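Chemist: So in my numbering, the last one in the sequence shown is 356, and the numbering has no gaps at all.
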Amino acid sequence: MICVLVCILLSSCGAASSPTATPPAAAAPTLGTISLIISRGGDLWRFDLPAKQWTQLTSEAPNAYSTFPSIAPDGKSVVYSYRPPVPTPSAEQPFVVPVNHANQISVTGGASKALFVPEAGKRDGQQIYDSLDTPVWSPDGKTLYGVYQTLRFDNDGVFLQSGSSIVAIDVASGTQQTIVMTGTFPSISPDGRQMAFVRTRDGIYPTLYLYDLQTKQERVLFDQPELVSALEAPIWSPDGKTIYLAASPLTLGQRQPSWVDWFVKPAAAHGLGWQVWSVDVASGQGKAVNREIFEDPRIVLDGSLLYVWTFSGLWQMDLAGNPPVLIEEPGDIGGMTRVP
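Okay, here's the thing in structure tokens:
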């Protein structure tokens, strides 16, 4: 039982099940002046656009991973998901489960530090393997938001419970509060008043929600299952009027996957064809920014330009819908953020 559960959990974060087409490279672009913090090969790297220069920020041990960086409000550090090396199974600990913490590191590298370590170990006859994924900052730097994953077994390794929720963590005290049940990819608005997040409605239909951090009310912003089969990784425009996110479009005549497809093949999401979409916050109307197909894109906005990190490499796009331009290859999964 435990092996089956762990395999399912790990497969949902695996590599693509099959390649999808990537856009052809266009003419060399005029690059911006920002730097990007990118997860590549299990480590965090800084990529300076003007010089096209990579600088390694973390040097993780084998089987450890640093992913999903998020820039701090002061622009001097990033928070990210850190997965420590998984212990070797032993007679005392016959099974092991990977877990994620929230770590912080300077944008210039150096020593990292733990910001938040979820509950772990044994308590009340339970073995606890909790994780915090995709951490992001509040604009004032006082709060972390992330997806808290719970996973519990009894002392014989029999599965007891699992779940996920979006939590708010006070950075100063480390206390956490659940604010949304069953959500992924939290993203905080520039004014700190709203949180965008993704949830699958009825367990199948991808939906973008807004949660008001003051009134504690949530509402559906974008729900078009006839247009898209999956949504991921929303980001806000600086003026708070638009949300950009990765969306897997449905082609004409294509159906939504059944619940069996989603349950049996969780890793197949990485093999979907993805586009960058924009959603107008006022109206909830969404549309594709580009017609080309990416694999698992992560997005950074720089004025009228978008930088997109995918399996195939780092791409530059404009909001006018011109063909994307390949800047660097190969790519990876694991997230990206910008240094102002």
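Heads up, the beta-carbon is just placed ideally off N, CA and C, and yes, glycines get one too. Keep in mind it's a predicted model, so treat the numbers as computed, not measured.
Whose C-beta lies closer than 6 Å to the C-beta of A9 among residues of the same chain, with five residues either side of it excluded?
Modeler: In the structure displayed, the chain extends from 17 to 356; residue 9 sits before or after that span and is not available.
Chemist: Return the Cβ separation of N306 and G337 in integer angstroms, given the expectation that the two are a contact with Cβ distance under 8 Å.
Modeler: Here the question's residue 306 lines up with position 290 in the sequence shown. Here the question's residue 337 lines up with position 321 in the sequence shown. The Cβ separation is near 6 Å, so the contact holds.
Chemist: At which residue ranges does the region 103-171 contain complete beta strand (DSSP E) runs of 3 or more residues, listed in the order of the chain?
Modeler: 117-122, 129-132, 136-139, 142-145, 147-153, 159-170
Chemist: Would a C-beta distance cut-off of 7 Å place Q120 and V95 closer than the cut-off?
Modeler: Here residue 120 refers to the residue found at position 104 of the sequence shown. Here residue 95 refers to the residue found at position 79 of the sequence shown. Yes.
Chemist: Exposed or buried, which one is P202 when buried takes at least 16 other CB atoms within 10 Å?
Modeler: Residue mapping note: residue 202 aligns to position 186 of the sequence shown, counting from 1. It is buried - the Cβ of P202 has at least 16 other Cβ atoms within 10 Å.
Chemist: Measuring alpha carbon to alpha carbon, tell me which of S245, P89, A262, T194 ends up nearest Y221.
Modeler: Indexing the sequence shown from 1 puts residue 221 at position 205. Nearest C-alpha to Y221: S245.
Chemist: For Y98 and T83, I'd like the C-alpha separation in whole angstroms.
Modeler: Position 82 of the sequence shown, counting from 1, holds the residue named residue 98. Position 67 of the sequence shown, counting from 1, holds the residue named residue 83. So the two alpha carbons sit approximately 7 Å from each other.
Chemist: On the premise that Q192 lies in contact with N171, defined as a C-beta separation below 8 Å, what is that separation, rounded to the nearest angstrom?
Modeler: As a working note, residue 171 is residue 155 in the sequence shown. As a working note, residue 192 is residue 176 in the sequence shown. Contact flag wrong, Cβ pair sits at about 26 Å.
Chemist: Under a three-way DSSP split, which group does P356 fall into?
Modeler: Translated into the one-based positions of the sequence shown, residue 356 becomes position 340. Three-state DSSP puts P356 in coil, outside helix and strand.
Chemist: Mind checking which residues open and close the beta strand (DSSP E) that includes P265?
Modeler: To locate residue 265, count along the sequence shown from 1; it is residue 249. Note, P265: beta strand (DSSP E), 258-265.
Chemist: Since I believe L237 is in contact with A263 (beta carbons under 8 Å), could you give me their beta-carbon distance rounded to a whole number of angstroms?
Modeler: In the sequence shown, residue 263 corresponds to position 247, counting from 1. In the sequence shown, residue 237 corresponds to position 221, counting from 1. The pair is not a contact, with the Cβ atoms about 13 Å apart (cut-off 8 Å).
Chemist: Which same chain residues end up closer than 6 Å to D348 when comparing Cβ atoms and leaving out the 5 residues on each side of it in sequence?
Modeler: As a position in the sequence shown, residue 348 is number 332, starting the count at 1. Taken in chain order, the residues that qualify are R56.
Chemist: Are there 16 or more other CB atoms within 10 angstroms of the CB of L224, so buried, or fewer, so exposed?
Modeler: Within the sequence shown, numbered from 1, the residue matching residue 224 stands at position 208. Buried is the call here.
Chemist: In angstroms, rounded to a whole number, what distance separates the CA positions of T150 and D228?
Modeler: Your numbering for residue 150 matches position 134 in the sequence shown. Your numbering for residue 228 matches position 212 in the sequence shown. Straight across, the Cα-Cα distance linking T150 with D228 is about 19 Å.
Chemist: So if DSSP puts I182 in a beta bridge, which residue, or which two residues, is it bridged to?
Modeler: Position 166 of the sequence shown, counted from the first residue, corresponds to residue 182. I182 pairs with V163, V196.
Chemist: Can you give me the C-alpha to C-alpha distance between E108 and P241, rounded to a whole angstrom?
Modeler: For the purposes of this step, residue 108 is taken as residue 92 along the sequence shown, with counting starting at 1. For the purposes of this step, residue 241 is taken as residue 225 along the sequence shown, with counting starting at 1. If I take the Cα positions, the gap works out to 47 Å.
Chemist: Excluding the 5 residues flanking F132 on each side, which residues of the same chain have their C-beta closer than 7 Å to its C-beta?
Modeler: As a working mapping, residue 132 is identified with position 116 in the sequence shown. If we look at F132 and ignore the five residues flanking it on each side, its Cβ neighbours are H117, A118, L148, L160, I185, G190.
Chemist: Would you check if the distance between the CB atom of T74 and the CB atom of L52 is smaller than 7 Å?
Modeler: Sequence index remark: in the sequence shown, residue 74 carries index 58 (1-based). Sequence index remark: in the sequence shown, residue 52 carries index 36 (1-based). Cβ atoms of T74 and L52: not closer than 7 Å.
Chemist: For T200, collect the residues of the same chain with a Cβ closer than 6 Å to its Cβ; drop the 5 residues on either side in sequence, then sort them by chain order.
Modeler: If you number the sequence shown from 1, residue 200 lands on position 184. Cβ neighbours of T200 beyond the five flanking positions: V163, V214.
Chemist: Taking the alpha carbon of G289 as the point to measure from, which residue in F310, A298, V187 has its own alpha carbon closest?
Modeler: Counting from one through the sequence shown, the residue named residue 289 turns up at place 273. Nearest C-alpha to G289: F310.
Chemist: Out of G350, P114, I204, which has the shortest C-alpha to C-alpha gap to P89?
Modeler: Numbered from its first residue, the sequence shown carries residue 89 at position 73. Of G350, P114, I204, the residue nearest in Cα terms is I204.
Chemist: Residues in the same chain with beta-carbon distance under 7 Å from M197, minus the five sequence neighbours each way, listed in chain order, please.
Modeler: Position 181 of the sequence shown holds residue 197. Within the same chain, M197 has close Cβ partners S181.
Chemist: Are the CB atoms of A249 and R314 within a distance shorter than 7 Å?
Modeler: Position 298 of the sequence shown, counting from 1, holds the residue named residue 314. Position 233 of the sequence shown, counting from 1, holds the residue named residue 249. Against a cut-off of 7 Å, the Cβ pair of A249 and R314 comes out as a contact.
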